[in-house]
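Residue numbers (UniProt numbering): 1 to 146.
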């Protein structure tokens with residue numbers, strides 16, 4: 001069995017926990033955007049430290065200039081998505097927020113994968129995958145039922 005699915009599950013668990021912690025950071029600070037900024041600052045510091053410690057070569061100026069402009073936009077989408085997480089979790093709860101967020105992520109991921117956008121592998125949308133998406137929506141409805 002590949003370790004990749006296990007790592008993906010761990011990543012999902014880490015996202016759920018960090019979202020709850022950082023949402024509460026924003027509540028305690030009484031400033032969601034400041035909480036988001038601090039979370040990104042800590043993440044940037046940890047990422048930079050890992051980049052310095054792990055054996056990888058750094059890209060040169062030519063490589064950086066060759067990166068298509070639209071790829072730099074991902075950071076803005078991260079700030080929007082994470083900021084909304086931290087704003088909505090104290091109002092909705094982490095379970096409901098994550099269920100809706102996961103549904104949005106998977107819906108867009110199915111489209112991105114189907115067309116192979118951003119030079120990613122093409123994974124055609126099949127009736128079985130569509131059924132899985134419908135089951136996910138049904139699950140979200142059940143999870144959020146009071």
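Every residue, glycine too, gets a C-beta built ideally from N, C-alpha and C.
1. Taking contact to mean at least 3 C-beta pairs separated by less than 8 Å, is the region 69-87 in contact with the region 130-139?
2. Could you pull the start and end residues of the alpha helix (DSSP H) that residue 22 belongs to?
3. Using three-state DSSP, classify residue 58 as helix, strand or coil.
4. Reducing DSSP to helix, strand and coil, say where residue 126 ends up.
5. Out of curiosity, what's the CA-to-CA distance linking residue 61 and residue 52?
6. Starting from the Cα of residue 18, find the closest Cα among 34, 4, 143 and 43 and give me that residue.
7. Can the beta-carbon of residue 82 be found less than 7 Å from the beta-carbon of residue 36?
8. Could you give the first and the last residue of the continuous alpha helix (DSSP H) run that contains residue 46?
9. Are residue 99 and residue 46 close, meaning C-beta to C-beta below 7 Å?
Straight from the coordinates:
1. no
2. 4-29
3. coil
4. coil
5. 18 Å
6. 43
7. yes
8. 32-53
9. no
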